[in-house]
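Notes to accompany the following structure.
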Amino acid sequence: MRRCRGDDAENRGPRQVKDAQPGEPGCASITISVPHPSWPRQSANFAFFFFAYYGFIGAFSPYASLYFADKGMTPAEIGVLMSLMQVMRIFGPNLWGWAADRTQQRVLVLRITALAAMAAFSGMFFGRSFAHFFAVMVALNAFTSAQGPLSEALMLSEMRGDLTHYGRLRLWGSVGFIASVTVAGQLLDWGGIALMPWISWTLLALVLAASLTMRESPHGHAQQDAPSVLALLKQRDVCAFFASTLLMVAAHAALYVFYSLYLAQIGYSKTVIGMMWSLGVVAEIVFFYYQAPIFRRIGARSLMIASLLIAVVRFLMIGFCAQSLFWLLIAQVLHAATFATHHSASVITMQRWFSGPLQARGQALYISISYGVGGTLGGLILSAIWDGFGARAVFLAAAVLALAGAGAAALSFRWQAQRTPNLPH
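To get the working numbering, take the position in the sequence shown, counting from 1, and add 192.
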């Protein structure tokens with residue numbers, strides 16, 4: 193049968209796309225597979241890798257600022273060091289995505305960057321100057337920025353257009369994050385902040401071990417068949433899509449940068465603040481587990497728009513109703529919609545343009561534009577709003593950014609439908 197390449201139906205059930213050119217504006221041949229497709233061959237390997245990689249992030253990111261303070265860094269210096277995690281996401285993923293797609297050796301690049309990240313992180317164990325830690329953070333994040341997009345590109349290639357089990361594999365990253373945040377916090381309370389590098393380095397070793405279990409997944413298309421990434425980026429529907437994801441992540445900077453500070457300012461205890469963060473991660477795990485039937489029934493386009501509109505409501509609830517624990521709990525449960533739903537819908541949508549040999553670069557662009565540029569700009573803009581207008585204005589601005597993201601997503605889908613007239617609405 194013939195169905196459109198952009199048809200949401202390809203994302204609603206266990207289907208496989210065959211002989212479709214990445215970014216092709218026309219239609220592709222869709223083959224209906226068995227009703228209950230088997231798990232990808234490397235499912236356990238992907239779950240192991242996501243658990244280890246996001247476990248490292250959970251052990252390092254929340255506690256790195258405390259470690260730098262213990263080493264004598266000033267608040268301004270700590271701010272610069274921590275910002276490098278976002279800044280390097282602008283450049284690193286594109287470099288490694290290009291190398292992986294160019295050589296068609298994504299697993300090899302994954303292993304090299306995992307080993308190099310361990311070597312770079314070794315610098316955390318010595319040195320006390322700002323320049324030293326600046327160099328360590330640049331090198332570390334240059335290599336770790338490859339891990340997320342390359343591992344997802346490998347998994348998407350192996351799934352060959354059938355994302356039925358995507359959520360149940362990706363949730364292991366959330367499990368790893370919440371487990372490491374919890375365990376690392378207890379270990380640091382027991383042994384002091386000096387343990388942080390040892391915990392993080394051990395988890396990086398686990399990332400390397402997980403990468404060694406990986407095997408190259410089929411690309412599905414010969415490299416010479418791939419369209420130019422630059423040509424795809426000139427398409428207005430692609431530009432509008434990336435504008436939407438950038439705005440959504442920029443809006444979430446209100447959470448990642450100011451949420452804990454805002455709740456503490458209102459009067460919540462550190463225990464309650466920690467519980468709120470944990471609740472958000474648990475909500476995303478639950479959604480990832482059950483997302484397949486939801487995407488089959490509703491479709492990626494509708495869910496992406498819904499997630500952006502729910503984000504508007506969520507940020508307004510946090511900004512103006514956070515004094516009520518009940519509404520704060522509801523707002524955190526909505527993290528399942530504003531992060532997990534949006535992330536999965538974005539990954540599915542990108543398959544229309546960046547598949548086959550463009551898989552790694554597509555994931556790299558998504559991370560660089562959304563989390564690199566969007567996260568950095570969001571943090572800077574909302575910081576200025578916090579200083580000038582206060583906490584509520586920050587979350588009001590975040591709601592406006594999410595609403596603008598919904599508009600950009602709607603434009604992207606409209607323009608995609610114009611390029612493929614038989615795309616169902």
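Glycine included, every Cβ here is placed at the ideal spot set by N, Cα and C.
Quick check on the DSSP output: the alpha helix (DSSP H) that includes His535 runs from which residue to which?
As a first step, residue 535 must be located in the sequence shown, where it is residue number 343. Element bounds for His535: His534 to Met542.
With DSSP run on the structure shown, which of helix, strand or coil describes His357?
If you number the sequence shown from 1, residue 357 lands on position 165. In this structure, His357 counts as coil in the three-state DSSP scheme.
DSSP on Arg294, reduced to helix/strand/coil?
The sequence position of residue 294 within the sequence shown is 102, counting from 1. The answer is helix: DSSP assigns Arg294 an H, G or I state.
Looking only at its chain, what residues have a beta carbon closer than 7 Å to the beta carbon of Ala445, apart from the 5 residues adjacent to it on each side?
Position 253 of the sequence shown, counted from the first residue, corresponds to residue 445. The residues are Gly567, Gly570, Gly571 and Leu574.
Reduced DSSP secondary structure (H/G/I, E/B, other) of Arg320:
For the purposes of this step, residue 320 is taken as residue 128 along the sequence shown, with counting starting at 1. Arg320 falls in the coil class under three-state DSSP.
Kindly give me the distance between the Cβ atoms of Val430 and Leu424, rounded to whole angstroms, as I take these residues to be in contact under 8 Å.
For the purposes of this step, residue 430 is identified with residue 238 of the sequence shown, where counting begins at 1. For the purposes of this step, residue 424 is identified with residue 232 of the sequence shown, where counting begins at 1. Correct: roughly 5 Å between the Cβ atoms.
Between which two residues does the alpha helix (DSSP H) harbouring Met351 extend?
Locating residue 351 in the sequence shown gives position 159, where the first residue counts as 1. Taken as a continuous stretch (DSSP letters only), the alpha helix (DSSP H) holding Met351 covers Gln339 to Met351.
Could you tell me if Tyr245 is buried or exposed, where buried requires 16 or more neighbouring beta carbons within 10 angstroms of its beta carbon?
For the purposes of this step, residue 245 is taken as the residue at position 53 of the sequence shown. Under this definition Tyr245 is a buried residue.
DSSP state of Glu408 mapped onto helix, strand, coil
Taking the first residue of the sequence shown as position 1, residue 408 is located at position 216. Looking at Glu408 - three-state DSSP - the assignment turns out to be coil, as it is neither helix nor strand.
Take every Cβ of the segment 290-302, pair it with every Cβ of the segment 266-281, and state whether three or more of those distances are shorter than 8 Å.
no
Straight-line Cα distance separating Gly466 from Pro549
As a position in the sequence shown, residue 549 is number 357, starting the count at 1. As a position in the sequence shown, residue 466 is number 274, starting the count at 1. Whole-angstrom Cα-Cα distance: 41 Å.
What does a CB cutoff of less than 7 Å around Ala523 pick up in its chain, not counting 5 residues either side in sequence?
Residue 523 sits at position 331 when you count from the first residue of the sequence shown. Around Ala523: Arg506, Met509 and Ile510.
Can we say the segment 250-263 touches the segment 513-530, given the rule of at least three CB pairs closer than 8 Å?
no
Along the chain, where does the alpha helix (DSSP H) that runs through Val473 open and close?
The residue you call residue 473 lines up with position 281 of the sequence shown. Run containing Val473: Lys462 to Ile490, per the alpha helix (DSSP H) assignment.
Measure the Cβ-Cβ separation of Phe480 and Gly340 and say whether it is below 8 Å.
Taking the first residue of the sequence shown as 1, we reach residue 480 at position 288. Taking the first residue of the sequence shown as 1, we reach residue 340 at position 148. No, they are not a contact pair.
Cutoff 6 Å; reference Ala529; Cβ partners in own chain excluding five residues on either side
Sequence index remark: in the sequence shown, residue 529 carries index 337 (1-based). The answer, listed in chain order, is Ser499 and Ile502.
When you compare each of Phe252, Ala583, Leu439 and Ala601 to Leu495 by their alpha carbons, which one comes out closest?
Mapped onto the sequence shown, residue 495 falls at position 303. Ranking the options by Cα distance to Leu495, first place goes to Ala601.
Kindly indicate the opening and closing residues of the alpha helix (DSSP H) around Val525.
Numbered from its first residue, the sequence shown carries residue 525 at position 333. Note, Val525: alpha helix (DSSP H), Leu517 to Val525.
First and last residue of the uninterrupted alpha helix (DSSP H) at Gly571:
Looking up residue 571 in the sequence shown gives position 379. Per DSSP, Gly571 belongs to the alpha helix (DSSP H) from Gly567 to Phe581.
So what's Pro217 in DSSP terms, helix, strand or just coil?
To locate residue 217, count along the sequence shown from 1; it is residue 25. Caution is warranted here: a pLDDT of 39 is assigned to Pro217, below 50, making its placement in the model unreliable, and the coordinate value is therefore given only provisionally. If DSSP states are grouped into helix, strand and coil, Pro217 belongs with coil.
Nearest-angstrom Cβ-Cβ length linking Met265 and Phe322, presumed shorter than 8 Å
As a first step, residue 265 is located in the sequence shown; it is residue number 73 there, counting from the start. As a first step, residue 322 is located in the sequence shown; it is residue number 130 there, counting from the start. Right, the Cβ-Cβ distance comes to about 6 Å (below 8 Å), so this counts as a contact.
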